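One structure below.
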Amino acid sequence: MPFVTGELMTRIVETLRQAEDAKVNNVDAVFAEQPDGRIQPLCGLYRRDSCLPEIEKMLSDGDWRLQQLRERLNARIIKFSEIEDIGGAEFLFFNLNTPDDYRSAVELEKQGESDSTK
């Protein structure tokens, strides 16, 4: 996810801190919601003490699915509506899985640079 920003990560950290301050029932992780409503577990914050045992159990069971991990945790989800004010929010979760994805990301970056010079 080449377009994740420091501002997004700051919001994720702040969300966990707010949950801790409010003494919300043991939040294990914080994830952000993508514009399409899907949860993005690769862009999140995990508490080592509560998440590591779950991860180890899943790996020993041969279960490699991050979505399954998300379902096992007490997670706080940041709705896209809470982060859509971040510049370029629609591209925050753009993923690179193929050479074509990489080329698309390069083009998006070029467009962003040309937009910022106008």
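Residues in the sequence shown are numbered consecutively from 2, following the working numbering.
Built from N, CA and C at the ideal position, the CB exists for glycine as well.
These numbers come from a predicted model, not from an experiment.
Go ahead and pull the three-state DSSP assignment for residue i.
i    : result
S117 : Residue confidence is low: S117 scores 48 on pLDDT, short of 50, so the model does not pin down where it sits. Its coordinate-derived value is still stated next. If DSSP states are grouped into helix, strand and coil, S117 belongs with the helices.
Give me the Cα-Cα distance between residue i and residue j, rounded to the nearest whole angstrom.
i    : j    : result
V14  : V107 : 28 Å
T6   : K58  : 31 Å
S51  : D29  : 6 Å
D101 : D37  : 21 Å
E83  : R12  : 9 Å
E91  : S61  : 36 Å
R49  : L109 : 34 Å
P3   : G89  : 12 Å
Rounded to the nearest angstrom, how far is the Cβ of residue i from that of residue j, given a contact under 8 Å?
i   : j   : result
L43 : V31 : About 13 Å; that fails the 8 Å criterion.
E1  : F81 : Since the first residue of the chain shown is 2 and the last is 119, residue 1 is not available in this structure.
Of all the CB atoms in chain B, is at least one closer than 9 Å to the CB of residue i?
i   : result
I40 : Here there is only one protein chain, and chain B is not present.
Per the DSSP calculation, residue i is bridged to which residue(s)?
i   : result
A33 : Q41 and I79
Y47 : A30
Taking 8 Å as the cut-off, does the region 94-104 touch the region 52-69 (at least 3 CB pairs, one atom from each stretch)? no
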